[in-house]
Each structure stands twice: as C-alpha cells, then as structure tokens.
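According to numbering that gives the first Met the number 0, the stretch in the sequence shown is residues 0 to 250, in order.
Beta carbons are placed, not taken as given, at the ideal position from N, Cα and C, and that holds for glycine.
Quick caveat, the model's predicted, so the values are computed rather than measured.
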Amino acid sequence: MNIKQISKRRDAVAYQRVSGFTLLELLVVVGIMAALAGVAYTASGSRISDSKLIAADSEMLNIRAALLRYRQDNFVFPAQSSAVDAVFLFEQPGTPVVAWDADYQRGWRGPYLHSGDSGLVDIGDGIGLNGTGSPHAVVAAAHNRQRAIPDPFVAFPVDVNDDDGKANMAAICDDSPVANDACLFDWRLLGQSDADDPISRRGRPYFLFDLDSEGAREARVVSLGPNGIYESSGLSCPAAAGGDDIVLCLY
C-alpha cells in the first residue's frame, strides 16, 4: 500500500466519522426540535389570544363611543328588548325618538355603528337588563334574533338546557331551523328568519347593561371573554370583572 492509498483511506474514514450521527445524537436533535416547536406554538397561540383581547378592547371602546354619541343626541336610551339589543345604534327607534333636528340639535342621526358589525343572535331570557341572572338560562322563552354585536372570541352555540354555558362548547349545537328552540348564542345574518340555518360559529354578543341607570352611573359594556361564559352577574361599575369577562364602564 503506497502513500496515496493510505491518504485516501484516512480521508474516507474521516468522512465516515463526520458525515454520520449516532442514534443518541439524533434523539437529542429531535428533542430540541420538538421543544422549539412547542415554544413556537405556544408563542403563536399567545399572540392570537392577545390579538383577540386587543380587538375586544377596541370594539368595546367603539361601542362605548357610539352609546355616548347616541345619548348626547337623544338625551336618554330607548327601552331594550334584551341586554344585547343594540338595534337603536343602527336603526332609528320609534316614538319618542325623533329624527335629527339641526335647529334644536337633538334627535337620531345615526347609524352610530356600521351595520356590518352586527347580526341576529339568540340568548336566554334569564339575564336582566341590570346584569343579574344568566344569559345561558331560559326561564319563559329565549330572546331570539336580537340585533347584537359579536365579540372576537369565536365559539359554538350552546344547548338551551345548559344553564352555565359550559357544556357543548366543542361541538355544534343541533338547532332546528324551523323552531329555533334548541340552541343559544347561535347567530343568523341580518334579514334571516328562524327558518334559515344559523352560522356555525361566531363570537358571543356584547352586553349593554344598566343603560337606564343615569344617576347611579352603572351603565357598562361587557364581553364574556375567551371562555364565552357569563361570570359577572350582579357586578356594576366601577367593579372588577368576574372570571375572564371584560367590563367597560360607560361613564
């Protein structure tokens, strides 16, 4: 064996040593990659959650501004059919609300919010206009097709018999399109009726509580937060929200 052959053999051995990985080394590399993937996924999930919280804050500030503009123009809020009823921000209510009068600087001059921001939602009648009770409960009959504004925390509807809203959060509630009596927090598009199929997933509606409590100044906008469950029953302004609910006082 000459010097050239020895040199080539040494080079081949060296190449084999540096070009391969042992099983242990491969397992270590795979473990590191899995850990990094987990960190990236967690960070991404956190960013998505944070972006929705930021969106909710922005939307609630817009709703608050619209409510204050409405009150400035009309002096008082109209009677609501439910705590999520925001139709007066999009359409002129009936008597005693009048159209805008430039001379008296009074009257309805909306819409105060864009129509595309709303839809029709069903909620339980167990929730009062002052925030007591539960929108997940049906006492007499559900408030169907309420003109409301969805928050960014997309969730499935829940069964009408689910008093706390915690059940059936991971599957579509099977509603009867004709009767529309099986689910709560199911949404329909503007102009649709009970006979139309609901939207499978959408955010929970924003609640407008105590709009008539001018003296007590307890009016507030409430989002049910990421978990979609009402956890602020009986709270007023100023007060910390219950659970992960988000509360914005009007005044």
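Residue burial is scored here from C-beta neighbours: Tyr229 has at least 16 other C-beta atoms within 10 angstroms and is therefore classed as buried. Taking a contact to require three or more Cβ pairs closer than 8 Å, the region 145–154 and the region 217–233 qualify as touching.
Sixteen is the threshold: when 16 or more other Cβ atoms of the shown chains lie within 10 Å of the Cβ of Pro156, as they do, the residue is buried. Taking one beta carbon from each stretch, the region 74–81 and the region 201–219 have 3 or more pairs nearer than 8 Å; the two touch. Beta-carbon to beta-carbon, Val138 and Val159 are separated by about 11 Å, too far to satisfy the 8 Å threshold. Less than 8 Å divides the Cβ of Leu88 from the Cβ of Gly109.
A buried status is given to Ser231, since no fewer than 16 other beta-carbon atoms sit within 10 Å of its beta-carbon. For the options Gln104, Tyr111, Val96, the alpha carbon positioned closest to that of Ala85 is the one of Tyr111. Collapsing the DSSP output to three states places Phe184 in coil.
Here Asp158 is bridged, per DSSP, to Cys182. In this model, Ser48 and Ala82 are separated by some 26 Å (Cα to Cα). Residue range 142–147 is occupied by the beta strand (DSSP E) that includes Gln145. Per DSSP, Val86 lies in no beta strand (DSSP E) segment and is marked neither H nor E.
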